[in-house]
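Quick note: the sequence shown, position 163, residue 163 per full-length UniProt numbering, numbers continuous.
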Amino acid sequence: MSEPAKKKLRVATTSLAGCFGCHMSFLDIDEHLFELVELVEFDRSPLTDIKEVGECDLGIIEGGLCNAENVQVLREFRARCRKLVAIGACAVNGGLPAQRNHLKLAEILEEVYHTSPGIAQGMIPNDPELPLPLNKVHPLHEVVKIDWFLPGCPPSGEAIWKALTDIVAGRDPQLGFGLLHYD
Ligand code: SF4
C-alpha cells in the first residue's frame, strides 16, 4: 500500500523594512526549489502575490519595523502563523535601516525634503494614506515573540534551505559553524 501524501507546510513570507535581498537569497536555493514545492505551499508572499495572510504553519519575515504598517503586518503574521522566523539582519537587529536611529526623525525628513540637493524645497509627504513612520527602526522581537532567528545580510540560500528542512522535519533550525558567517 502506498504511503499517504505528507501534509505540506503552509508558509507565508513578507518584506517589511528590508530590501528584498533575503527573498532573493531564498530563490538562491536553486535546484532545491523543486524539492521545496513538494514540502511547502505558499500563502501570502511576494512569490504568490496573495495579499492577506491566512492560517499558516510558518511565517518568514524579512526587514525590521520602520512604520505603522510594518507593525500591523507583523502582528497579523504573529496572530496567524504558528511559528515565526526573523530572516536577515534587518529583521534580527534592524540592520541598515536602523542606521537612522541615532538621528531624530524630524531632522531626517527636514534634511531629505528641504535641505539636501535633489528634492530640496519639496514637501514632506503627509498624505493620510501613507503609513506613519516610527521614530526608531525596531527589530521584530521588540514587538512580537519570534521563534527563530536566521542572521546574515542576507543569509545564504544554503542556510535558508537548511533552516527550512529542519523546520519541516520538526526540528529547531541548527545552522552550525559553516553556514553562519557575516561576509
Ligand atoms: Fe536586505 Fe540585508 Fe536587510 Fe536582507 S538583511 S533585507 S539582504 S539589507
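All C-beta atoms, glycine included, are put in the ideal place defined by N, C-alpha and C.
In this structure, the ligand SF4 has no non-hydrogen atom nearer than 7 Å to the beta-carbon of GLU158.
In this structure, LEU132 places its C-beta atom within 8 Å of the C-beta atom of ASN67. In this structure, ILE50 sits away from VAL85, with a CB-CB distance that is not shorter than 8 Å. In this chain, THR48 is not harboured by any alpha helix (DSSP H), its DSSP state being neither H nor E. Taking 4 residues as the shortest admissible run, the segment 79-137 contains the following complete alpha helix (DSSP H) segments, listed from N- to C-terminal end: 89-93, 105-110.
Per DSSP, the unbroken alpha helix (DSSP H) holding ALA159 starts and ends at 157-168. Below 8 Å, too few C-beta pairs join the segment 110-118 and the segment 161-180 to call them touching: fewer than three. For CYS56, DSSP records a beta bridge to CYS81. Per DSSP, the continuous beta strand (DSSP E) segment holding PHE149 begins and ends at 148-150. A distance filter of 6 Å between CB atoms and the heavy atoms of the ligand SF4 selects the following residues in sequence order: GLY18, CYS19, GLY21, CYS22, GLU62, GLY63, GLY88, ALA89, CYS90, GLY95, LEU96, CYS153, PRO154. Three or more pairs of CB atoms, one per stretch, sit closer than 8 Å, so the segment 80-95 contacts the segment 42-56. With a contact defined as Cβ atoms closer than 8 Å, GLY152 and GLY88 qualify at about 6 Å.
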